[in-house]
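Below is one structure, written out as structure tokens, with a few remarks after it.
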Amino acid sequence: METNYSNTERYYQAQKKVDEIKKFYQHLTVYVLCNPIVIAVNLMTSPGYLYFWYCLLGWGIPIVLHGLKAFDCFPFFNKEWEEQKIREIIDKEESKKQIWK
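First residue of the sequence shown? That's 1 in the numbering used here, and the numbers climb one at a time after it.
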């Protein structure tokens, strides 16, 4: 399914992409700044139980997923997948119409 975008639409799409990348970098910055604090608090209050790993992993996995999505590295649910599914649904509906004619 080919799409022909005008310059305005392409600009809007590019602006959305830049905003998504910017939000990822903000998310990553907060992660990098907050986790040393969590680690320090953990080591000062209860060094026998290292609970900061839960924070690192529990927050780190969504960061990785956010980065994959922001930089179009996520193989599922991207624009090509959406367009393919739209085409499949349209083709399926058209074939149903042909049967009932």
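Where is the CB? At the ideal position from N, CA and C, for every residue including glycine.
Please confirm whether Y31 and W59 have their CB atoms less than 9 Å apart.
Yes; because the gap between Cβ atoms is below 9 Å, this pair is in contact.
Does the Cβ of A70 have 16 or more other Cβ atoms within 10 Å, making it buried, or fewer, making it exposed?
With 16 or more Cβ atoms within 10 Å of its Cβ, A70 is classed as buried.
Close beta carbons around H27, own chain, < 8 Å, minus the five adjacent residues each side:
Correct list, in chain order: I63, H66.
Would you report the Cα separation of E2 and K23, rounded to the nearest angstrom?
For E2, the pLDDT reaches just 49, beneath the cut-off of 50, and the residue's location in the model is therefore unreliable, although a value from the coordinates is still provided. In a straight line, the C-alpha of E2 is about 29 Å away from that of K23.
Is the beta carbon of L50 closer than 9 Å to that of L43?
Yes, they are a contact pair.
Would DSSP call F76 helix, strand or coil?
The answer is coil: DSSP assigns F76 none of H, G, I, E or B.
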